[in-house]
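In the working numbering, the protein residues as written are 3 to 389. Here is the structure we will look at, set down as structure tokens.
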Amino acid sequence: MNNFTFQNTTKIIFGKGTENTVGEETAKYSKKVLLHYGGGSIKKTGLYDRVTKSLKDAGVEYVELGGVKPNPRLSLIYEGIELCRNNGIDFILAVGGGSVIDSAKGIAAGMCYEGDVWDLYLRKGTAAKALPVGVVLTIPAAGSESSGSSVVTKEEGQLKRDIGYDFLRPRFSILNPEVCFTLPSYQTACGAADIMAHIMERYFTNTPNVELTDRLSEATMTTMINNVPAALAAPNDYNAFAEIMWAGTFAHNDLLGTGREQDWSSHKIEHELSGIYDIAHGAGLAIIFPAWMKYVYKVNVNRFVQFAVRVWKVEQDFSDPEKTALEGIAKLEDFFRSLGLPTRLADAGITEDRFEEMAEKCVGSGTIGGLKKLDKNDIVNIYRLAR
Ligand code: NZQ
Ligand code: ZN
Numbered sequence: 003m004n005n006f007t008f009q010n011t012t013k014i015i016f017g018k019g020t021e022n023t024v025g026e027e028t029a030k031y032s033k034k035v036l037l038h039y040g041g042g043s044i045k046k047t048g049l050y051d052r053v054t055k056s057l058k059d060a061g062v063e064y065v066e067l068g069g070v071k072p073n074p075r076l077s078l079i080y081e082g083i084e085l086c087r088n089n090g091i092d093f094i095l096a097v098g099g100g101s102v103i104d105s106a107k108g109i110a111a112g113m114c115y116e117g118d119v120w121d122l123y124l125r126k127g128t129a130a131k132a133l134p135v136g137v138v139l140t141i142p143a144a145g146s147e148s149s150g151s152s153v154v155t156k157e158e159g160q161l162k163r164d165i166g167y168d169f170l171r172p173r174f175s176i177l178n179p180e181v182c183f184t185l186p187s188y189q190t191a192c193g194a195a196d197i198m199a200h201i202m203e204r205y206f207t208n209t210p211n212v213e214l215t216d217r218l219s220e221a222t223m224t225t226m227i228n229n230v231p232a233a234l235a236a237p238n239d240y241n242a243f244a245e246i247m248w249a250g251t252f253a254h255n256d257l258l259g260t261g262r263e264q265d266w267s268s269h270k271i272e273h274e275l276s277g278i279y280d281i282a283h284g285a286g287l288a289i290i291f292p293a294w295m296k297y298v299y300k301v302n303v304n305r306f307v308q309f310a311v312r313v314w315k316v317e318q319d320f321s322d323p324e325k326t327a328l329e330g331i332a333k334l335e336d337f338f339r340s341l342g343l344p345t346r347l348a349d350a351g352i353t354e355d356r357f358e359e360m361a362e363k364c365v366g367s368g369t370i371g372g373l374k375k376l377d378k379n380d381i382v383n384i385y386r387l388a389r
């Protein structure tokens with residue numbers, strides 16, 4: 003096990019009716035906030051009314067900025083920064099999924115940075131602090147409710163880039179599984195693929211002697227495999243969504259990655275897809291992750307055998323570890339397909355004409371990846387395997 007520091011400071015408030023505490027929680031930080039949300043699902047579901055009532059009851063004034071699109075755009079972040087500056091706002095409340103939370107974090111970082119906030123995403127500048135952010139989560143998926151990251155797309159150039167700072171972790175995140183009942187099945191499935199991917203980016207490592215985090219990761223993946231089909235079959239299954247929602251946070255709050263080298267190639271390769279083609283991040287991962295696995299598994303075949311046997315209950319063929327490893331990958335692919343997700347680029351209508359461009363944008367002349375270092379040529383090969 004490698005040395006590590008672990009500190010996740012997000013307060014999680016979990017369970018039925020918990021969104022009604024948002025006013026009280028927010029008032030601990032500010033009496034004038036930006037209420038940030040997406041394309042309007044929160045208004046249709048009644049969550050908006052409950053959140054605004056709770057804010058009013060706690061004496062918290064709010065200025066609204068809705069309209070965050072999935073794969074959140076830089077232009078709205080600029081708008082949010084201006085709105086906050088003009089209204090003396092010092093706290094951002096995100097009510098939504100990963101896209102709303104990431105947009106809120108972009109505004110929060112931009113508010114405390116003298117230059118252009120996009121420079122932070124390009125690594126041309128470094129943030130020293132950000133406004134505090136609070137969250138009411140509406141979809142188990144990105145894990146942004148307790149991560150320090152924000153992923154944003156600049157429309158010009160279709161560039162999707164991330165930043166990560168500990169001080170960007172939300173101060174609190176309110177998770178009521180009941181709000182998941184209104185999720186379209188496809189969004190539930192995309193979220194599930196993202197959650198699985200966050201675990202697997204950490205699980206596939208060459209670092210030895212990480213049994214505790216291996217076992218925790220396997221338990222979290224098994225929980226997803228057991229509960230996602232149930233949630234899709236009965237979209238008001240509280241118990242299934244409760245498991246999935248907590249697994250989504252657990253998958254990305256950095257605990258499962260402690261003490262080990264992590265990979266993250268599939269995420270980087272996927273971000274080029276959702277940056278250009280504007281597909282759901284989870285759908286892109288359902289396509290890219292199995293292709294990445296098929297490309298790299300020989301580097302550490304025993305780890306892929308462990309994944310197949312412990313997570314997918316594949317019967318181990320001791321004479322042919324590669325066979326067992328490939329069976330595990332096939333099981334993962336079957337699982338994604340059974341959820342109604344695309345597992346090939348063709349399923350998402352993506353052709354091969356921009357593979358070189360995406361690989362170039364992804365890695366330039368450098369490399370990515372922990373389990374196996376990948377250069378531009380490798381990434382083109384992975385896109386080809388995903389056709
Ligand atoms: O916009 P609204 O109307 O709210 O509708 C959303 C959106 O259309 C809808 N939705 C969410 N909750 C709902 C609901 N509809 C009905 N009922 C509900 N309860 O679902 C759609 C997708 O929402 P979005 O926020 O885009 O989903 P997700 O949470 O998957 O976020 C995806 C974004 O997060 C980034 C991704 O790259 C992508 O841009 N990620 C952020 C990470 C982080 N900050 O740590 C890590 C991840 O790896 C990921 O990259
Ligand atoms: Zn992700």
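Virtual Cβ for every residue (Gly too), placed ideally from N, Cα, C.
Beta-carbon separation (whole angstroms), L122 vs I165, contact threshold 8 angstroms
5 angstroms
Determine whether the beta carbon atoms of A233 and A242 lie at a separation below 8 angstroms.
yes
Is it the case that the Cβ atoms of G193 and I141 are separated by a distance below 8 angstroms?
yes
Using a Cβ-based criterion (distance less than 7 angstroms to any ligand heavy atom), does A293 qualify as near the ligand ZN?
Taking non-hydrogen atoms of the ligand ZN into account, the C-beta of A293 is found less than 7 angstroms away from none of them.
Does the contact criterion of 3 or more C-beta pairs under 8 angstroms hold for the region 168–185 versus the region 237–257?
Touching, per the Cβ criterion.
So G136 is in the beta strand (DSSP E); what residue range does that whole segment cover?
V135 to L139
Do E272 and I290 have their CB atoms nearer than 8 angstroms?
yes
Where the beta strand (DSSP E) through T155 begins and ends:
Per DSSP, T155 is one residue of the beta strand (DSSP E) stretching across S151 to K156.
Is any heavy atom of the ligand ZN found at a distance shorter than 7 angstroms from the C-beta of A191?
no
By the three-class DSSP mapping on this structure, what secondary structure does V65 have?
Reduced to three states, the DSSP call for V65 is strand.
I need the DSSP call for A96, collapsed to helix, strand or coil.
strand
By Cβ distance below 6 angstroms, which residues in the same chain neighbour G342 in space, the five residues on each side in sequence not counted?
Here G342 has A191 as same chain residues with Cβ atoms under 6 angstroms from its own Cβ, once five neighbours each way along the sequence are excluded.
What does the alpha-carbon distance come out to for the pair K87 and R305?
First, the amino acid is wrong: residue 87 is Arg here, not Lys. Near 50 angstroms, if we compare the C-alpha coordinates of R305 and R87.
Distance CB(I176)-CB(V298) smaller than 8 angstroms:
no
Does the beta carbon of A194 fall short of 7 angstroms from some heavy atom of the ligand MN?
Ligands in the displayed structure: the ligand NZQ and the ligand ZN; the ligand MN is not one of them.
Measuring CB to CB, does T12 end up less than 8 angstroms from S148?
yes
Compute every distance between the C-beta of A288 and the non-hydrogen atoms of the ligand ZN, then say whether any falls below 7 angstroms.
no
Could you give the distance in angstroms between the alpha-carbon of G17 and the alpha-carbon of D51?
As the crow flies, the alpha-carbon of G17 is around 18 angstroms from that of D51.
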